[in-house]
Each structure stands twice: as structure tokens, then as C-alpha cells.
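To convert a position in the sequence shown, counted from 1, into my numbering, add 153. Ideal Cβ placement from N, Cα and C applies to all residues, glycine included. Owing to the predicted nature of the structure, the values given are computational and were not obtained by experimental measurement. Here the structure is laid out as C-alpha cells; the discussion comes afterwards.
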Amino acid sequence: MRIVVSFDAEGMGAAAAADVAGLVARQPGLVLGMAAGRTPVGLYRALAARAAAGLDFSGVFLFGLDEYVGLPPEHPARFRRAVESNLAGLRTAGGLWPEVRPGADIPAACAGFETAIAARGGIDLQILGIGANGHIGFNEPGSSLGGRTRLVRLSSATRAANRSAFGSIEEVPEAAITQGIGTILAAKRIVLLADGAAKAAAVAAAVEGPLSASVPASALQLHPDATLYLDEAAAADLSRLADYKAEENLRRRLGCRLG
Ligand code: F6R
Numbered sequence: 154m155r156i157v158v159s160f161d162a163e164g165m166g167a168a169a170a171a172d173v174a175g176l177v178a179r180q181p182g183l184v185l186g187m188a189a190g191r192t193p194v195g196l197y198r199a200l201a202a203r204a205a206a207g208l209d210f211s212g213v214f215l216f217g218l219d220e221y222v223g224l225p226p227e228h229p230a231r232f233r234r235a236v237e238s239n240l241a242g243l244r245t246a247g248g249l250w251p252e253v254r255p256g257a258d259i260p261a262a263c264a265g266f267e268t269a270i271a272a273r274g275g276i277d278l279q280i281l282g283i284g285a286n287g288h289i290g291f292n293e294p295g296s297s298l299g300g301r302t303r304l305v306r307l308s309s310a311t312r313a314a315n316r317s318a319f320g321s322i323e324e325v326p327e328a329a330i331t332q333g334i335g336t337i338l339a340a341k342r343i344v345l346l347a348d349g350a351a352k353a354a355a356v357a358a359a360v361e362g363p364l365s366a367s368v369p370a371s372a373l374q375l376h377p378d379a380t381l382y383l384d385e386a387a388a389a390d391l392s393r394l395a396d397y398k399a400e401e402n403l404r405r406r407l408g409c410r411l412g
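Structure (C-alpha cells):
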């Protein structure tokens with residue numbers, strides 16, 4: 154895994170945005186996988202600023218990483234809505250989130266989402282956050298490392314962590330549809346962002362711990378092109394931090410870049 158450590162969350166978002174924007178410039182038809190949540194907001198705002206400054210996203214297609222089940226289309230906590238609002242009107246070729254209408258055949262909708270990804274040639278770059286328990290998407294500890302898009306029950310810890318977007322914990326949906334870990338690993342490149350001390354243990358377990366369904370993000374160890382953008386606080390528990398920083402300096406000196 155490539156580890157890029159920035160001083161703070163703002164630097165983390167800017168470093169990721171510079172690399173993602175470079176990829177969009179080189180590959181205008183990029184298929185981007187989009188995580189929601191707090192962590193990638195700086196990255197998305199920075200991408201929107203680059204679009205306003207002339208970077209063309211009109212060929213870029215978006216796939217949502219996950220979505221709640223049961224929220225009305227206009228609900229502000231819907232992941233699609235939250236991501237699109239952070240992208241501030243950035244014009245793309247469109248997007249598809251793993252959403253289901255009431256009464257829909259959920260397994261068929263999940264299979265249809267996977268088919269839609271395949272029809273676009275797969276996801277070129279999947280953007281991820283990480284839960285304090287090591288989850289990626291809504292793949293909680295214990296999820297199959299080969300799982301595909303499916304319905305999941307949200308743990309009470311995850312519902313509590315996501316509560317701020319709702320009035321009360323009772324309003325946080327109990328179910329979601331998420332890309333599986335197998336779906337995520339099928340992306341050609343993966344970018345995971347993490348900031349803050351609350352994520353430090355999960356980051357260390359994902360990077361340096363054993364590959365385990367107990368830490369879903371450890372599955373990224375299997376991916377040949379995964380980059381972690383961290384701030385110093387989220388990187389603090391990495392035992393080989395000095396080596397990762399030296400490796401990244403070397404890459405930069407030699408002109409290696411994302412993609
Ligand atoms: C969001 C998602 C989650 C979050 C994770 C971190 O689409 O799938 O895995 O990335 O829970 O959330 P934040 O960034 O809010 O700390």
C-alpha cells in the first residue's frame with residue numbers, strides 16, 4: 154500500500170485531490186466510486202474547485218459506494234444527496250447509487266448495480282473512508298472479503314456514529330445497500346482517506362495487522378494499487394511510519410504518480 158501522510162485533514166484532502174484531478178485530466182472518461190461521510194468532503198470540495206477552474210469532469214461517471222434503505226428521495230442524509238452537494242454542481246456524465254425503491258426486489262437491484270458497474274468497464278478509482286472499527290463501505294467486521302453488493306443491517310455502533318446527519322438515533326435507518334469488499338477490490342485503483350486520532354487504530358490494523366474479515370479494510374492489502382491519504386493523527390499508530398514517509402518521498406523524487 155502507498156501511504157501519503159499530510160500534516161492535517163486539509164492537507165490530506167488537498168493531496169488526494171491533486172492526485173485524483175491528475176487522473177481525471179489524463180483519463181476524461183474515468184469511472185469514480187464515491188464514498189460519503191465526513192472524511193472525503195475536503196477532497197470533493199477541492200475537486201469542485203478544480204472543475205470551477207476549468208478541469209473537465211463531463212466524461213466522468215460516478216458510482217455510489219453505499220446508500221441507506223428507506224429514506225425519502227429528498228432526505229438530506231441520503232449519501233447520494235450529500236456527495237452531490239459537496240461536489241457543488243460539478244457537471245459529470247451522471248451517477249448511479251445502490252438505491253432501492255420501496256417494495257423493490259433487493260437482490261435483483263443489487264445484481265443490477267453490479268451489472269451497471271461492469272457495463273461501464275468497472276470502477277477505475279474507488280474512494281473510501283474507514284470506520285473506527287475498520288469498516289469500509291457498510292461492510293462491518295465479519296463481512297465476507299469476497300462479498301458483492303448486498304443488503305446489510307447497520308450495527309448500533311455505526312448508526313450512532315452516523316447520527317449527526319439525523320434528528321435522533323431512531324431516525325437512522327437500520328438497513329443499507331453497500332458495495333461488497335469483493336466489489337471494492339475489483340476497482341482498478343483504491344484511495345482511502347482517514348484523519349483524526351479516532352481512526353488511528355483502525356488504520357494501523359488495516360495496514361500492518363493480519364488480513365482478516367474482523368478488519369474489513371485489511372482486505373486492501375490484497376489490492377495492487379491502493380493508496381492511503383492520512384493526516385498525522387490517523388497515521389500515529391503505524392509502527393513503520395518513517396519508512397512509509399521515506400518511500401513516498403522517493404516516489405515523488407522519481408516522479409511516480411497515481412495511475
Ligand atoms: C461512507 C461509508 C463509510 C464511511 C466511514 C467513515 O459512504 O461507506 O464506510 O467512509 O464510516 O465515515 P466518516 O468519514 O464520516 O468518518
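Cβ-based neighbour list, residue 248, same chain, cut-off 6 Å, excluding 5 preceding and 5 following:
215
Among all residues, which have a Cβ less than 5 Å from at least one non-hydrogen atom of ligand 1, and in what chain order do they fall?
188, 189, 190, 191, 192, 218, 219, 282, 284 and 290
So, does the stretch 324-337 touch the stretch 292-312, judging by three or more C-beta pairs under 8 Å?
yes
On the three-state DSSP scale, how would you describe residue 219?
Looking at residue 219 - three-state DSSP - the assignment turns out to be strand.
Roughly how many angstroms separate the alpha carbons of residue 379 and residue 223, rounded to a whole number?
The alpha-carbon atoms of residue 379 and residue 223 are separated by roughly 32 Å.
So what does residue 248 bridge to, in DSSP terms?
215
Is the separation between the beta-carbon of residue 345 and that of residue 381 shorter than 7 Å?
yes
Among residues of its own chain, excluding the 5 on either side of residue 411, which ones have a beta-carbon nearer than 6 Å to its beta-carbon?
172 and 176
Assign residue 396 to one of two classes, buried (16 or more other C-beta atoms within 10 Å of its C-beta) or exposed (fewer than that).
By the neighbour-count definition (other C-beta atoms within 10 Å, threshold 16), residue 396 is an exposed residue.
Does the contact criterion of 3 or more C-beta pairs under 8 Å hold for the stretch 276-290 versus the stretch 358-376?
yes
Alpha-carbon spacing of residue 232 relative to residue 312, whole angstroms:
14 Å
Do residue 275 and residue 300 have their C-beta atoms within less than 7 Å of each other?
With a cutoff of 7 Å on beta-carbon distance, residue 275 and residue 300 are scored as not near each other.
Taking only the alpha-carbon atoms, compute the straight-line gap between residue 220 and residue 203 and give it to the nearest angstrom.
Each residue's alpha carbon lies about 26 Å from the other.
Can you tell me whether DSSP reads residue 292 as helix, strand or coil?
strand
Comparing alpha-carbon positions, which option in 246, 369, 187 and 236 lies nearest residue 94?
As displayed, the chain neither begins before 154 nor continues past 412, which places residue 94 out of reach and without an answer.
In whole angstroms, what separates the C-alpha of residue 291 from that of residue 349?
C-alpha separation (whole angstroms): 20 Å.
Among 322, 186 and 385, nearest to residue 156 - alpha-carbon criterion:
385
Residue range of the beta strand (DSSP E) that residue 187 falls in?
184-187
For residue 158 versus residue 388, is the C-beta distance shorter than 7 Å?
Closer than 7 Å, so yes.
Through-space distance from residue 227 to residue 252, alpha-carbon basis
13 Å
If we ignore side chains and look at the alpha-carbon of each, how far apart do residue 352 and residue 283 end up?
7 Å
Helix, strand or coil at residue 156 [DSSP, three-state]:
strand
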